[in-house]
Amino acid sequence: MGGEGIKDPGRVRVSVRVRPRNGEELKSDADFADLVELQPEIKRLKLRKNNWNSDSYRFDEVFTDTASQKRVYEGVAKPVVEGVLSGYNGTIMAYGQTGTGKTYTVGKIGKDDAAERGIMVRALEDILASASSASSVSVEISYLQLYMETIQDLLAPEKSNISINEDGKTGEVSVPGATVVNIQDLDHFFQVLQVGETNRHAANTKMNTESSRSHAILTVYVRRAMNEKAETGTKSPKPESLGDKGIPRVRKSKLLIVDLAGSERINKSGTDGHLIEEAKFINLSLTSLGKCINALAEGSSHIPTRDSKLTRLLRDSFGGSARTSLIITIGPSARYHAETTSTIMFGQRENEETNELKKKLEELSQMYESTVDELQTVKLDYDDLLHQKEKLGEEVRDMKERLLLEEKQRKQMESELSKLKKNLRESETVVEDKRVKEDLPKGPSESGALPGSQRSHGLKKSLSGQRATMARLCEEGMILSREFSLILFWGNPIDIFVSTSVSVGVQKILHLIKSEDLEVQIQAVKVVANLAAEESNQVKIVEEGGVEALLTLVQSSQNSTILRVASGAIANLAMNEKSQDLIMNKGGAQLLAKMVTKTDDPQTLRMVAGALANLCGNEKFLKLLKEEEGIKGLLTMAQSGNIDIIAQVARGMANFAKCETREIMQGRRKGRSLLLEEGALEWLTSNSHIESASTQRHIELALCHLAQNEANAIDFKRTGSVTEIVRISVESSRDDIRSLAKKILRSNPQFSS
């Protein structure tokens with residue numbers, strides 16, 4: 001039996017069907033998205049409000065423009081027809097704007113092509129099939145038209161203004177003046193229906209030259225004698241087909257199939273005069289029908305059926321054991337947005353009885369999903385931090401080993417310097433003694449010549465000054481050497497700089513970066529790089545102009561060591577938000593992106609990629625990074641094939657995609673991802689099977705974040721990246737990433753099509 005229609009009597013089941021685009025719409029709407037988006041698997045329809053927002057509606061059934069007539073009949077009408085065969089009254093109504101397929105859905109005869117048959121023909125086909133198996137069943141029909149509150153007989157056009165009667169005791173509605181035809185078989189019904197369709201009044205409008213301007217009501221009367229033999233195949237000792245007075249018992253039921261008039265507005269139909277009056281009566285009857293539906297949904301004891309003849313004819317369908325099904329038909333064109341919205345809202349009235357609870361459940365479900373998303377995001381961020389902590393720990397250990405080695409080398413240099421100083425002093429003493437001996441007087445002083453003792457005294461004084469200068473220079477060299485050593489080894493440079501016992505501060509070291517001596521430059525930039533590794537030092541470096549100095553050095557220097565170390569320092573500073581602002585404002589992103597043309601050193605490019613990856617984690621700079629070719633630079637560096645560089649590129653893509661998706665989900669940004677414009681999706685897809693677990697995780701995260709943006713769906717399908725999302729949902733080593741991928745596949749119907 002027809003499941004839901006039988007289990008839930010009294011409620012109006014509402015379905016929606018979308019008509020395919022016609023030739024005119026294919027031409028005029030070619031550059032526009034469909035007005036409606038259907039999700040038949042969850043029985044939901046989205047009505048587009050503008051390019052970014054849409055309203056969502058739930059129905060009992062949702063039929064796409066490819067749904068067959070048979071599928072529509074089975075979903076909308078078959079449960080009602082089965083109820084009629086079981087002795088219940090039933091009503092099937094079609095409502096919608098003229099030209100959206102109401103008459104095709106309900107009244108298509110399909111004599112030559114059975115697949116084209118509408119609800120009327122298929123319903124009679126099932127009823128007659130049931131009647132043929134029992135001789136005690138009779139099937140009769142009447143076919144009426146309600147036009148401007150006047151009932152006309154479509155099987156006998158001369159009968160007009162027919163009255164409606166209601167039984168005072170049972171409340172049963174009848175139309176005694178209507179022609180009733182006993183149907184023998186399906187061919188007979190075809191003939192009768194064809195006569196009725198020929199007589200049906202139709203008025204032309206601008207919207208559709210065959211617009212129905214009346215309500216057509218086909219009533220099918222089914223009478224079955226209460227013969228147990230016919231129903232069970234066995235004889236009863238006491239026949240139940242006879243009443244107490246020997247009168248045969250007959251079980252009666254009635255099926256009404258209603259093709260409601262077009263729901264378009266008067267101002268869009270281009271009508272006037274008589275046709276305006278016609279439209280007013282149509283809207284009056286539809287308004288009355290809506291009031292009855294509202295009263296039924298609200299559980300009112302009074303259903304206002306007397307407001308129009310249409311609702312009086314349908315009185316048996318409201319409440320009680322009657323089964324009622326409504327199908328609304330809409331078109332896909334955005335030109336009729338108002339009419340489509342009105343039609344959908346009319347259908348939504350039917351669902352108000354159960355929608356309140358559904359809305360609350362949906363709100364709770366959305367809150368739950370949102371909370372789960374936030375928890376997953378927090379967990380992913382936490383895991384990222386743990387991974388970065390582990391990596392930084394490894395780098396710190398490596399750095400300490402290098403510092404120990406440098407400390408050993410420093411001590412060797414100090415020892416050599418001490419020896420040189422000692423040798424220098426001894427050499428100076430020998431030279432002085434030799435010159436003093438040479439200058440000793442060998443005879444009388446020549447005219448104008450200084451006495452030997454005076455010349456010796458001047459020479460001693462000069463040499464003493466030179467030794468003092470040399471000692472001071474050597475001492476300063478020793479102090480500077482110790483400062484470099486302390487800063488590199490102990491990693492707490494701020495404390496050293498504020499100490500009065502240290503003569504070289506951040507400002508002086510930054511000044512040394514500009515030295516013309518290459519070795520001094522190298523040592524100075526190394527100190528700055530190590531200082532920048534500590535968060536507590538970054539503010540001081542920024543305040544003293546360290547960012548500008550490093551960017552200038554990267555731009556001007558050709559030395560590979562300086563480029564590598566300076567890039568590392570910039571990468572460290574790029575973890576600080578204030579430093580990020582300076583780097584971006586000074587054109588740092590563009591400068592870093594061009595490094596790929598300046599050097600092919602893997603270590604340098606790894607540092608540059610790391611700096612850009614850090615900048616990708618700031619939502620403020622996404623557009624500027626793309627404009628200054630930061631994304632293009634990352635992808636170019638990835639072509640080196642170096643696993644460390646690729647790891648930084650993948651991290652940058654994940655950071656960028658996460659920030660961009662967060663902005664889209666919060667409504668601050670819309671449209672296709674900036675990454676896709678640079679070919680990042682193809683790179684991510686082709687590298688998603690990389691061996692490095694951490695790199696693969698960043699690539700999977702980047703793909704998942706990009707897939708959350710519905711505007712990227714076309715690119716995902718074009719590049720085959722949907723397959724990667726499917727793979728990630730099954731094979732990812734991380735539970736949270738698998739869950740995120742599964743959710744994306746469930747929530748985006750374009751990925752499942």
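All residue numbers for the sequence shown refer to full-length UniProt numbering, where the first residue is 1 and numbers rise by one.
Heads up, the beta-carbon is just placed ideally off N, CA and C, and yes, glycines get one too.
Keep in mind that this is a model prediction, so the values were computed, not measured.
| Item | Value |
| --- | --- |
| So what's residue 167 in DSSP terms, helix, strand or just coil? | coil |
| My guess is that residue 609 and residue 572 are in contact by the Cβ rule of under 8 Å, so how many angstroms apart are they, rounded? | Not confirmed; about 14 Å, so no contact. |
| If I follow the unbroken beta strand (DSSP E) through residue 152, where does it start and stop? | 150 to 153 |
| Just to check, is the beta-carbon of residue 94 closer than 7 Å to a non-hydrogen atom of the ligand FMN? | In the structure shown, the ligand FMN is absent, as is every other ligand, since no ligand is present at all. |
| Give me the residue from 669, 606, 661 with the minimum Cα distance to residue 638. | 606 |
| According to DSSP, is residue 251 part of a helix, a strand, or is it coil? | strand |
| Please classify residue 42 as buried or exposed, where buried requires at least 16 neighbouring CB atoms within 10 angstroms. | exposed |
| According to DSSP, residue 757 sits in a beta bridge with which residue or residues? | No answer is possible for residue 757: it lies beyond the span of the chain, which begins at 1 and ends at 753. |
| Expressed to the nearest angstrom, what Euclidean distance is found between the alpha-carbon atoms of residue 117 and residue 175? | 28 Å |
| To which residues of the same chain is residue 46 closer than 6 Å at the C-beta, ignoring the five residues directly before and after it? | 37, 54, 56 |
| By Cβ distance, which residues of its chain are closer than 6 Å to residue 25, with the 5 residues on each side in sequence left out? | 333 |
| What is the rounded straight-line gap between the Cα of residue 318 and the Cα of residue 667? | 44 Å |
| How many angstroms separate the CA atom of residue 185 from the CA atom of residue 301? | 41 Å |
| If we count the other Cβ atoms within 10 Å of its Cβ and call it buried at 16 or more, is residue 661 buried or exposed? | buried |
| Can you find the residues in the same chain that come closer than 6 Å, C-beta to C-beta, to residue 618, ignoring five residues on each side of it along the sequence? | 580 |
| Using only CA atoms, which one of 720, 330, 187 lies nearest to residue 15? | 330 |
| So, helix, strand or coil for residue 518, using DSSP? | helix |
| Taking only runs of the beta strand (DSSP E) that begin and end inside the stretch 653 to 692, which ones reach a length of at least 3 residues, in chain order? | none |
| With a cut-off of 8 Å on the beta carbons, I'd call residue 141 and residue 218 a contact; round off their distance for me. | 6 Å |
| Consult DSSP for residue 178 and reduce its assignment to one of helix, strand or coil. | coil |
| Based on Cα-Cα distance, which residue from 40, 88, 341 lies nearest to residue 750? | 40 |
| Quick check: the stretch 158 to 174 against the stretch 121 to 135, are there 3 or more CB pairs under 8 Å? | no |
| Can you tell me which of the three DSSP states residue 98 falls into? | coil |
| Would you grab the beta carbon distance between residue 529 and residue 513 for me? Rounded to a whole angstrom, and I think it's under 8 Å. | So it is not a contact: roughly 11 Å between Cβ atoms. |
| So residue 754 and residue 673 are supposed to be a Cβ contact under 8 Å. How far apart are they, rounded? | No information on residue 754 is available, as it lies outside the stretch 1 to 753 that the chain covers here. |
| Go through its chain and collect everything with a Cβ distance to residue 467's Cβ below 6 Å, but skip five positions before and after it. | Low confidence applies here, because residue 467 scores a pLDDT of 43, under 50, leaving its location unreliable; read the following figure in that light. None. |
| Counting only the same chain and skipping the five closest in sequence on each side, list residues whose C-beta sits under 7 Å from that of residue 582. | 542, 547 |
| Leaving out five residues before and five after residue 495 in sequence, what residues of the same chain have Cβ atoms less than 7 Å from its Cβ? | In this predicted model, residue 495 has a pLDDT of only 41, less than 50, meaning its place in the structure is not dependable; the value taken from the coordinates is given anyway. Contacts found: none. |
| What residue from 746, 375, 87 has the CA that sits closest to residue 251's CA? | 87 |
| Would you mind reading off the limits of the alpha helix (DSSP H) that contains residue 506? | 506 to 512 |
| Whole-angstrom Cβ separation of residue 613 and residue 570, contact assumed at under 8 Å? | In fact, because the Cβ distance is near 12 Å, the residues do not count as touching under 8 Å. |
| Using 8 Å as the limit for Cβ to Cβ distance, is residue 364 near chain C? | Structure shown: chain C not included; a single protein chain is present. |
| Helix, strand or coil for residue 732, going by three-state DSSP, please let me know. | coil |
| First and last residue of the beta strand (DSSP E) that includes residue 37? | 36 to 39 |
| Please state whether DSSP places residue 159 in a helix, a strand or coil. | coil |
| Under 8 Å by Cβ, that's how I've got residue 95 and residue 260 pegged, so tell me the actual separation to the nearest angstrom. | 5 Å |
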